[in-house]
Amino acid sequence: MDIIKKRTGSQAKSTIPFRLNLLFFIVFVLFAMLVAQLAYLQIVYGGKFQAEVDRTDKTVMTGSVPRGMIYDSKGRLLVGNSTANAITYTKSGSVKSSDIYTIASRLTKYMTVSVDDLTERDKADYILAAPNKSTQVAKQMPKSDRVDSNGDALSANKIYANEVKYVQKEGIHLNDKDLQRASLFKKMSAAYSLSTVFLKDKNLSAREIAQVSEHLTELPGISIGSNWTRDYPQGKSIASIIGGVSTEQQGIPDDEINSMLASGYSRNDRVGTSYLEKNYESILSGTKSQRQVQIGSNNQIKKSTVLYKGQKGGNLNLTIDSSFQKKVQEDLNTQYSAAKAAGITQYSDGAYAVVLNPKTGAVLAMAGIHNDPKTGDTTEDALGVINRTFVMGSAVKGATVLGALMDGVITPENNTQADDPIYLPGTPVKKSVYPAGTFSSLDAVRALQFSSNIYMMNLALKEGHAKYVPNESISMDSDIFSKLRGYFNQFGLGVKTGIDISGETTGIEGSTTNSDGKLKTGSALDLAYGNYDAYTLIEMAQYISTIANGGYRLKPYIVQSIQKTKDDGTKGALTSVTKPSVLNKVGFTQDDLNVVRKGMYAAVHGSGYWTTATKLADLSPAVAAKTGTAQSFYYDPDNPSSDPPETITTSLVSFGPYDDPNVAMAIVFPNLTSESGSYPNLLAHQIYTDYYKMTGQK
595 MDIIKKRTGS QAKSTIPFRL NLLFFIVFVL FAMLVAQLAY LQIVYGGKFQ
645 AEVDRTDKTV MTGSVPRGMI YDSKGRLLVG NSTANAITYT KSGSVKSSDI
695 YTIASRLTKY MTVSVDDLTE RDKADYILAA PNKSTQVAKQ MPKSDRVDSN
745 GDALSANKIY ANEVKYVQKE GIHLNDKDLQ RASLFKKMSA AYSLSTVFLK
795 DKNLSAREIA QVSEHLTELP GISIGSNWTR DYPQGKSIAS IIGGVSTEQQ
845 GIPDDEINSM LASGYSRNDR VGTSYLEKNY ESILSGTKSQ RQVQIGSNNQ
895 IKKSTVLYKG QKGGNLNLTI DSSFQKKVQE DLNTQYSAAK AAGITQYSDG
945 AYAVVLNPKT GAVLAMAGIH NDPKTGDTTE DALGVINRTF VMGSAVKGAT
995 VLGALMDGVI TPENNTQADD PIYLPGTPVK KSVYPAGTFS SLDAVRALQF
1045 SSNIYMMNLA LKEGHAKYVP NESISMDSDI FSKLRGYFNQ FGLGVKTGID
1095 ISGETTGIEG STTNSDGKLK TGSALDLAYG NYDAYTLIEM AQYISTIANG
1145 GYRLKPYIVQ SIQKTKDDGT KGALTSVTKP SVLNKVGFTQ DDLNVVRKGM
1195 YAAVHGSGYW TTATKLADLS PAVAAKTGTA QSFYYDPDNP SSDPPETITT
1245 SLVSFGPYDD PNVAMAIVFP NLTSESGSYP NLLAHQIYTD YYKMTGQK
């Protein structure tokens, strides 16, 4: 037994050390392999891993450049840019709200910003962006704000919305410094990825710039730059024509976002939103600068290199002389104030005037006043010239006569007609403003001189092949409206003029048939003397220019030329010059035209009590004109009435000098309660006086 025990003990002593040694050996081998692997990775792939740690992505960012300037015809600056220092923030890709929270907190040590536009939601967003704050609030919220009725977790957006509500319900209490941080946080968070926003560009002190500059290393994405705003050195009397530019917050208009993004714009770019600023956006905006940005593995911008400094926007040189523009607006204000003092603007919605060069179509001045009949408040409204329509009355009679001459119902040699009132069943007598029987007959020249409505209605009867019998219904060709309007359209009445400003509207056509489908023959007669369809004032100006220049309907324009901008901001080479554009040639003969021109001359210089524009007779050089008066009604959109107050719209078209016209104008004073005062005539006289003095004509 002893022997067996001894053997057994001896066997145990030799087996245990061997197992331990084997285990130690295996561990040693594994450690050796690990060390070898680490050494291999360090030696062979160490550079690669280090490069991955230091990896950067390169991307190209664009930046805005100063917008082009706008000058008047004499080279005076109308619209420029005021440049100011700014503190900007460029948002990195995938940056966290907590990072923005930290940067905003640091930045408030060195600058102050306005907090006026902060909402309760903005404040809640700022509070929840603090480190771990969102998690803490989520735990404090009721379970129903985190999971649905089935026990499934709500979406992240829904949970966050509930967090916002919870914070607002608990009450938001931020001190002044917190509000500053919240304001910065809002602006920085609103930036699109890799886009730059302005954190402060107004009332920025030198101290703020210096302090921020000193701490840029601890403020990722923050830099010192510059920003611009539009300014108007000559005043804003022409601002409504020029239009507006969106703010950085407004960015690209929603209805153009897809097309503009495809053209290289960013969502928060400032762009032209109306009129000239919009029409010439591609010129005025210039070419964006380009920077190559290196973004590190932590999504922070590490390096920025300028690839292209950009090209400043091109300049627009207008056809408008700002000095003359101011005078026309002042003259309009004077006459409208006189109408107000006379107590006849109770229902008036304003007054408008436009002056063209009939040889080119260039706009020399556009002026307007919008009046609120309810308050009596007036504002400048030059754009009313192209986007408001009025029934102009007898001022269109030149087109009526020329249409009849082209139609052949009268000729330059044979155009005398009886001037008897027209009696139709169920309607008031249709006559001229002067008493029935004043004239037994009139030719075309005298009909224009005395503004005979009867003459024009007789022309319409002839063009419509109607047989008139007093007090009996008349029948006319079914195409009478399209025939009359077709002639009017050739002069620009009832069609868009094509002016290079966005927002132009076209005239309004009255209905051609009654509710029972019968032709409105009485309205066709009204159309012939300008008391039915409505036109814009720019259409009236194009029409009278067409008569003044011998029959060429020219496209009106405001931009005379486009010019580059040099690096120093001064004007460079011309890139384009606007040339007169003929839209159509009206098909009358020179003899036809002479009849109407003589009639418009007689309206100014003829004798007789009913001559309509004699207030212009003393002008030198001499001018021609046609006045208009139309019956209208005041419509109150807030209180429509079945029996609206009756009003009078007075108008005038004119050109001069008569022998060689280089200026044409159209004027309208709509919805007055009396036609007394001859305000369009008085205004035209003053505009001619100013223009002749400005151009040195005698």
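The opening position of the sequence shown corresponds to residue 595 in my numbering, with each subsequent residue numbered one higher. All residues carry an ideal CB built from backbone N, CA and C; glycine is no exception.
Taken through DSSP and simplified to helix, strand or coil, Y1062 comes out as coil. The beta carbons of N911 and Y665 sit about 5 Å from each other, so the pair counts as a contact at 8 Å. Judged by DSSP secondary structure, S1155 falls within the beta strand (DSSP E) whose first and last residues are V1153 to T1159. According to DSSP, residue pairing for D825 in a beta bridge involves G674. Between D1186 and M1000, the gap from beta carbon to beta carbon is short of 8 Å. Looking only at K968, A1128, H964 and A989, the smallest Cα-Cα distance to L977 is reached by H964.
Looking at I835, S743, V689 and D915, the one whose alpha-carbon comes closest to that of Y1285 is D915. Linking G866 to V839 through their CA atoms gives a straight-line distance of about 4 Å. Just measuring C-alpha positions, the residue of L1053, T1021, D1013 and Y1028 sitting nearest S1034 is D1013. Here G1193 is not near G1124, since their CB atoms are 8 Å or more apart.
In its chain, beyond the 5 residues on either side, Q1225 and F1227 have a beta carbon closer than 7 Å to the beta carbon of E1240. Taking C-beta atoms as the reference points, Y1129 and L1087 count as a pair closer than 8 Å. In the structure shown, V758 falls within a helical segment according to DSSP collapsed to helix, strand and coil. If you draw a 10 Å sphere on the C-beta of I1004, you find 16 or more other C-beta atoms in it, and that means buried. Taken through DSSP and simplified to helix, strand or coil, M1050 comes out as helix. Taking 3 residues as the minimum length, the beta strand (DSSP E) runs contained wholly in the region 957 to 984 are 957 to 965 and 972 to 974, in order along the chain.
In this structure N744 is exposed. Its beta-carbon is surrounded by fewer than 16 other beta-carbon atoms within 10 angstroms.
Counting other Cβ atoms within 10 Å of its Cβ, N1265 reaches 16 or more and is therefore classed as buried.
Counting other Cβ atoms within 10 Å of its Cβ, Q1154 reaches 16 or more and is therefore classed as buried.
Assignment of K1112 by DSSP, reduced to helix, strand and coil, places it in the coil class.
In the structure shown, T881 falls within a strand segment according to DSSP collapsed to helix, strand and coil. In the structure shown, G1166 falls within a strand segment according to DSSP collapsed to helix, strand and coil.
Note on geometry: alpha-carbon atoms of K1160 and I877 lie some 14 Å from one another. Note: Q1136 is not bridge-paired with any residue in the DSSP secondary-structure output.
Separation of the CB atoms of V985 and A1260 is rounded to 14 Å, and the pair is thereby denied contact status at 8 Å. Comparing C-alpha distances from I1156 to each of D711, N909, I835 and H1059 shows the shortest one belongs to N909. The beta carbons of N981 and G815 sit no closer together than 8 Å. Cβ atoms of S699 and R775 come within 8 Å of each other, at about 5 Å. DSSP places Y1123 outside both helix and strand once states are collapsed to three, so it counts as coil. If you ignore the 5 residues before and after D825, its C-beta comes within less than 6 Å of the C-beta of G674 and S676, all in its own chain and listed in chain order. Here Q1225 carries a strand assignment [DSSP, helix/strand/coil].
For the pair D971 and P1274, the Cα-to-Cα distance works out to about 21 Å. For the pair S988 and K1209, the CB atoms are not nearer than the 8 Å cut-off.
Annotated as proximal: V659 and T881, with beta-carbon spacing under 8 Å. For P1264, the enclosing beta strand (DSSP E) has its first and last residue at V1257 to L1266.
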